[in-house]
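The listed protein sequences derive, respectively, from chains A and B.
Following my numbering, the numbering of the first sequence begins with 9 at its first residue and continues without gaps.
Following my numbering, the numbering of the second sequence begins with 9 at its first residue and continues without gaps.
Number of protein chains: 2
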Amino acid sequence: MDQAKGPRKGRTIGKTNDVNADLIAVVVAVNDAGPCVLTIEQGAALPSGPFELAHRSLQSGLRAWVELQTGQPLGYIEQLYTFADRDRVGANQRVISISYLALTREEDAGASGRRSWASWYDYFPWEDHRSGRPPIVLEELRPRLIEWADGADDGATRFDRRRRAAVAFALDGRAWNEELALQRYELLYEAALVEEAKRGGVLAILASVPGRSMIADHRRILATAIARLRSKIKYRPVVFELMPPLFTLLQLQRTVEALSGRLINKPNFRRLIEQQELVEKTGATTAETGGRPAQLYRFHHTILDERPVAGTKLPIARA
Amino acid sequence: MDQAKGPRKGRTIGKTNDVNADLIAVVVAVNDAGPCVLTIEQGAALPSGPFELAHRSLQSGLRAWVELQTGQPLGYIEQLYTFADRDRVGANQRVISISYLALTREEDAGASGRRSWASWYDYFPWEDHRSGRPPIVLEELRPRLIEWADGADDGATRFDRRRRAAVAFALDGRAWNEELALQRYELLYEAALVEEAKRGGVLAILASVPGRSMIADHRRILATAIARLRSKIKYRPVVFELMPPLFTLLQLQRTVEALSGRLINKPNFRRLIEQQELVEKTGATTAETGGRPAQLYRFHHTILDERPVAGTKLPIARA
DNA sequence: ACGCCTTATAATCAGGTAGACTATAACTGG
DNA sequence: CCAGTTATAGTCTACCTGATTATAAGGCGT
Numbered sequence: 009m010d011q012a013k014g015p016r017k018g019r020t021i022g023k024t025n026d027v028n029a030d031l032i033a034v035v036v037a038v039n040d041a042g043p044c045v046l047t048i049e050q051g052a053a054l055p056s057g058p059f060e061l062a063h064r065s066l067q068s069g070l071r072a073w074v075e076l077q078t079g080q081p082l083g084y085i086e087q088l089y090t091f092a093d094r095d096r097v098g099a100n101q102r103v104i105s106i107s108y109l110a111l112t113r114e115e116d117a118g119a120s121g122r123r124s125w126a127s128w129y130d131y132f133p134w135e136d137h138r139s140g141r142p143p144i145v146l147e148e149l150r151p152r153l154i155e156w157a158d159g160a161d162d163g164a165t166r167f168d169r170r171r172r173a174a175v176a177f178a179l180d181g182r183a184w185n186e187e188l189a190l191q192r193y194e195l196l197y198e199a200a201l202v203e204e205a206k207r208g209g210v211l212a213i214l215a216s217v218p219g220r221s222m223i224a225d226h227r228r229i230l231a232t233a234i235a236r237l238r239s240k241i242k243y244r245p246v247v248f249e250l251m252p253p254l255f256t257l258l259q260l261q262r263t264v265e266a267l268s269g270r271l272i273n274k275p276n277f278r279r280l281i282e283q284q285e286l287v288e289k290t291g292a293t294t295a296e297t298g299g300r301p302a303q304l305y306r307f308h309h310t311i312l313d314e315r316p317v318a319g320t321k322l323p324i325a326r327a
Numbered sequence: 009m010d011q012a013k014g015p016r017k018g019r020t021i022g023k024t025n026d027v028n029a030d031l032i033a034v035v036v037a038v039n040d041a042g043p044c045v046l047t048i049e050q051g052a053a054l055p056s057g058p059f060e061l062a063h064r065s066l067q068s069g070l071r072a073w074v075e076l077q078t079g080q081p082l083g084y085i086e087q088l089y090t091f092a093d094r095d096r097v098g099a100n101q102r103v104i105s106i107s108y109l110a111l112t113r114e115e116d117a118g119a120s121g122r123r124s125w126a127s128w129y130d131y132f133p134w135e136d137h138r139s140g141r142p143p144i145v146l147e148e149l150r151p152r153l154i155e156w157a158d159g160a161d162d163g164a165t166r167f168d169r170r171r172r173a174a175v176a177f178a179l180d181g182r183a184w185n186e187e188l189a190l191q192r193y194e195l196l197y198e199a200a201l202v203e204e205a206k207r208g209g210v211l212a213i214l215a216s217v218p219g220r221s222m223i224a225d226h227r228r229i230l231a232t233a234i235a236r237l238r239s240k241i242k243y244r245p246v247v248f249e250l251m252p253p254l255f256t257l258l259q260l261q262r263t264v265e266a267l268s269g270r271l272i273n274k275p276n277f278r279r280l281i282e283q284q285e286l287v288e289k290t291g292a293t294t295a296e297t298g299g300r301p302a303q304l305y306r307f308h309h310t311i312l313d314e315r316p317v318a319g320t321k322l323p324i325a326r327a
């Protein structure tokens with residue numbers, strides 16, 4: 009039966025190398041409360057489901073599962089990563105997970121039962137530096153990471169662990185790098201400081217650190233999505249996928265700040281956005297901002313086609 | 009049998025959603041002749057094979073297939089893209105392709121029969137702008153792209169096609185963007201100007217354009233790899249994976265130029281490399297360069313760990 | 001030996017950009 | 001009408017980037 013379809017060059021004669029392919033979605037939106045991810049199971053899982061014969065493509069399969077499980081239609085989609093799950097190997101079958109990042113607006117939502125929006129920072133409380141470095145880093149993470157580093161057998165490993173922890177979490181006077189979200193999660197996993205590490209057979213000697221966990225490796229996938237998005241907003245104008253049709257420059261800035269987890273210098277942000285000609289004034293203003301009424305802008309769509317390189321460089325405050 | 013393994017949440021009751029997963033490798037090296045890709049079948053295919061139960065991970069499966077088919081051991085690997093092949097759908101089975109980019113040095117090669125190194129630019133002759141814009145762009149591509157654009161039914165589509173062609177191939181005074189390698193191939197495919205388009209059921213009215221083709225969608229995967237690599241060398245120091253242990257700054261520059269397909273200003277390149285502290289002098293020199301003997305450098309490995317952000321920005325000459 | 005060619009290496013200069021900061025305008029709410 | 005809040009414009013400086021020129025050190029042919 010395996011040999012029935014097309015030129016497989018005979019490489020799999022006599023074997024079945026069937027796998028099951030799972031599609032997993034990280035659906036991101038930003039509201040006043042900050043950056044959110046679409047979840048099911050009361051925030052414990054990302055929308056997902058197997059790739060089926062009925063699906064025209066991977067992306068359409070993903071859209072189908074997300075819409076079925078959450079009622080959320082998806083717009084912008086990009087692939088994140090594909091990995092084979094070592095822990096879910098059957099007798100003659102393995103599972104491959106193909107993860108995607110989707111950007112949407114929360115108001116697109118049609119009401120649906122099982123879904124809920126959860127803040128990124130419920131899962132990664134150490135990632136939000138908008139009000140300066142969160143206390144959890146120095147109070148909780150640093151001592152436990154040092155404990156983990158010093159638990160290594162040889163001096164070289166101890167040194168290396170300390171260095172990696174310092175780079176990832178901006179210790180010892182280093183600068184915070186918001187794009188290292190995935191490295192940070194993986195470091196905490198390696199140090200058995202997140203709940204998921206215990207499930208993986210690691211006997212966690214150290215207690216878990218604050219931050220909500222998810223089933224399987226869903227939190228790891230979310231960390232991948234955050235890192236990718238934080239990197240991408242700097243060279244591609246993807247932020248606008250998260251904005252309503254009309255918005256003020258401060259709303260745009262707040263969205264970028266929510267994603268990157270750090271504050272941006274206001275005049276510089278405005279200058280950059282305006283000189284890049286990514287937006288255009290509509291002439292309308294809104295008085296709902298509290299102070300002087302703000303101009304309402306809209307995304308300049310044509311620019312997307314003309315300058316495929318152009319990005320939205322973010323002037324992020326240094327210290 | 010499908011239900012036997014672990015919590016599948018009953019989503020696939022009564023169905024088999026098995027797929028076959030293929031691993032495909034774009035193995036890149038650079039020699040004096042330029043950037044090369046490792047091929048089998050006399051340059052008609054990339055190394056590939058199905059993901060099997062015996063493989064510990066996707067990456068190790070890929071390494072196994074490449075080494076078996078070409079004798080080439082792989083060092084640096086990164087995932088490119090995963091896609092479901094619409095054209096290879098069986099009764100109860102589909103094929104998923106997971107493509108990877110690998111960087112290596114050609115001298116790593118152990119001799120092996122079926123393999124051969126082929127220049128990128130045999131497959132994409134329009135991509136090499138090191139000696140200025142290649143004649144093929146204006147002589148072959150432009151007239152056929154215009155013909156294709158004007159063949160559209162409505163004026164809006166005609167305008168859009170012309171704009172896309174101009175952006176991708178730097179027509180009408182636009183600047184060449186080497187990172188658009190994939191868009192260019194896809195545009196030529198859409199215009200039925202590459203041989204592969206005919207196989208896809210498209211009745212090619214227009215004749216094919218110069219440039220060697222490959223089986224299935226292997227040339228498309230190669231284009232993806234080129235675009236990814238051309239983008240990545242600008243923000244991550246991956247070039248060094250392609251360099252011998254000791255090299256001169258000009259050799260490094262020539263390698264970057266080979267990949268990006270365009271020339272770099274020499275003093276600026278040196279300044280950038282040196283101030284980034286990505287390399288260190290060995291003290292040794294080589295006289296094999298023809299003129300004054302050049303310093304031999306080596307890659308400064310420790311920098312990789314310390315500055316995960318740092319890249320190798322390329323000062324690429326504008327006009 | 002000499003000059004010429006080739007490449008290596010250092011130094012300089014101008015324009016642009018990014019970051020930080022200051023100043024002024026326009027509205028709301030007490 | 002004043003205080004608070006936000007919007008918007010402008011400035012100043014350090015650094016980066018692209019471009020160019022100058023000098024050094026080898027090989028090679030005559």
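Just so you know, even glycine gets a beta-carbon here, dropped at the ideal spot from N, CA and C.
> Which class does Gly-319/A belong to by DSSP, given the choice of helix, strand or coil?
Replying inline: Legend: pLDDT at Gly-319/A = 45, less than 50; position of this residue unreliable, value from coordinates given subsequently. DSSP, read as helix, strand or coil, puts Gly-319/A in coil.
> Are the beta-carbon atoms belonging to Ser-216/A and Glu-198/A less than 8 Å from one another?
Replying inline: For the 8 Å CB-CB criterion, Ser-216/A and Glu-198/A do not form a contact.
>> For chain B, check one thing: does any of its Cβ atoms lie closer than 8 Å to the Cβ of Pro-301/A?
In response: It does not: the Cβ of Pro-301/A has no partner Cβ on chain B nearer than 8 Å.
> Rounded to whole angstroms, how far is the Cβ of Glu-249/B from the Cβ of Tyr-108/B, which I believe are closer than 8 Å?
Replying inline: Not confirmed; about 14 Å, so no contact.
>> What does the alpha-carbon distance come out to for the pair Gln-303/B and Pro-275/B?
In response: Each residue's CA atom was taken as its position, placing Gln-303/B and Pro-275/B some 15 Å apart.
> To the nearest whole angstrom, what separates the beta carbons of Leu-257/B and Ile-229/B, a pair I think is in contact under 8 Å?
Replying inline: Between Ile-229/B and Leu-257/B the Cβ distance is about 32 Å, and since that is not below 8 Å, they are no contact.
> Ile-104/A versus chain B: which residues are under 9 Å apart at the beta carbon?
Replying inline: Ordered by position in chain B, the residues that pass the 9 Å Cβ test against Ile-104/A are Val-27, Ala-29, Phe-59, Leu-66, Thr-90, Ile-104, Ile-106.
> Between Ala-173/A and the rest of its own chain, which residues show a CB-CB distance below 7 Å, the 5 nearest in sequence each way excluded?
Replying inline: Scanning its chain for C-beta atoms nearer than 7 Å, with the 5 sequence neighbours on each side dropped, one finds around Ala-173/A the residues Leu-153, Ala-157, Leu-179, Leu-195, in chain order.
>> Please state the DSSP three-state secondary structure of Trp-125/A.
In response: Note: Trp-125/A maps to strand in three-state DSSP.
>> In the DSSP output, which residue or residues are listed as bridge partners for Ile-106/A?
In response: Residue pairing from DSSP places Ile-106/A in a beta bridge opposite Leu-31/A, Thr-90/A.
> What residues from chain A crowd round Gln-87/B, counting only those whose CB sits closer than 8 Å?
Replying inline: Under the 8 Å cutoff, chain A gives Tyr-89, Thr-90.
> Distance, Cα to Cα, Thr-78/A vs Leu-88/A?
Replying inline: About 20 Å.
>> Going by C-alpha to C-alpha distance, which of Asn-39/A, Asp-136/A, Ser-56/A sits closest to Arg-192/A?
In response: Ranking Asn-39/A, Asp-136/A, Ser-56/A by Cα distance to Arg-192/A puts Asp-136/A first.
> Cβ of Leu-66/B within 8 Å of Cβ of Leu-111/B?
Replying inline: The beta carbons of Leu-66/B and Leu-111/B sit no closer together than 8 Å.
> Between the C-alpha atoms of Thr-290/A and Leu-254/A, what's the straight-line distance to the nearest angstrom?
Replying inline: Taking the straight line from one Cα to the other gives about 8 Å.
> From Asp-26/A to Leu-286/B, what does the alpha carbon distance come to, in whole angstroms?
Replying inline: Going by the C-alpha atoms only, they are around 44 Å apart.
> Nearest-angstrom Cα distance between Arg-262/A and Arg-113/A?
Replying inline: So the alpha carbons of these two residues sit roughly 15 Å apart.
> Distance, Cα to Cα, Arg-122/B vs Met-222/B?
Replying inline: Arg-122/B and Met-222/B have their alpha carbons spaced roughly 16 Å apart.
> Name the DSSP bridge partner or partners of Asp-26/B?
Replying inline: As a beta-bridge residue in DSSP terms, Asp-26/B pairs with Asn-28/A.
> Tell me which same chain residues have a C-beta within less than 8 Å of the C-beta of Cys-44/A, skipping the five on either side of it?
Replying inline: The beta carbon of Cys-44/A lies closer than 8 Å to those of Val-36, Ala-37, Val-38, Glu-114, Trp-125, Ala-126, Ser-127, Trp-128 in the same chain, with the five residues before and after it left out.
> Taking the C-alpha atoms as reference points, what is the distance between Arg-141/B and Glu-86/B?
Replying inline: Their Cα atoms are separated by approximately 30 Å.
> Cβ of Pro-55/A within 8 Å of Cβ of Ile-144/A?
Replying inline: No, Cβ-Cβ distance for Pro-55/A and Ile-144/A is not below 8 Å.
> Do the CB positions of Gly-51/A and Arg-220/A come within less than 8 Å of each other?
Replying inline: Yes. Within cutoff.
>> For Arg-300/B, count the other beta carbons within 10 Å of its own beta carbon; 16 or more makes it buried, fewer makes it exposed. Which is it?
In response: Within a 10 Å sphere around the beta-carbon of Arg-300/B sit fewer than 16 other beta-carbons, which makes this residue exposed.
>> For Ala-292/A, which residues in the same chain have their Cβ closer than 6 Å to its Cβ, ignoring the five residues on either side in sequence?
In response: Hits under 6 Å: Leu-304.
>> Can you find the residues in the same chain that come closer than 8 Å, C-beta to C-beta, to Trp-73/B, ignoring five residues on each side of it along the sequence?
In response: Excluding sequence positions up to five before and after Trp-73/B, its CB lies within less than 8 Å of the CB of Leu-31, Ala-33, Pro-55, Ser-56, Gly-57, all in the same chain and listed in chain order.
> So Ile-234/A and Ala-183/A are in contact, right, with Cβ under 8 Å, and what is the actual spacing, rounded?
Replying inline: Not quite, the Cβ-Cβ distance comes to about 18 Å (not below 8 Å), so this is no contact.
>> Measuring only the C-alpha atoms, how far is Leu-260/B from Ser-68/A?
In response: About 43 Å.
> So what does DSSP say about Arg-192/B, is it helix, strand or coil?
Replying inline: In the structure shown, Arg-192/B sits in a helix (DSSP, three-state: H, G or I).
>> Let's see if you can read the secondary structure: which residues bound the beta strand (DSSP E) around Ala-292/A?
In response: Residues 287-294.
> In three-state terms, what does DSSP make of Gln-303/B?
Replying inline: It is a strand residue.
> First and last residue of the beta strand (DSSP E) that includes Thr-47/B?
Replying inline: Unbroken beta strand (DSSP E) run through Thr-47/B: 42-47.
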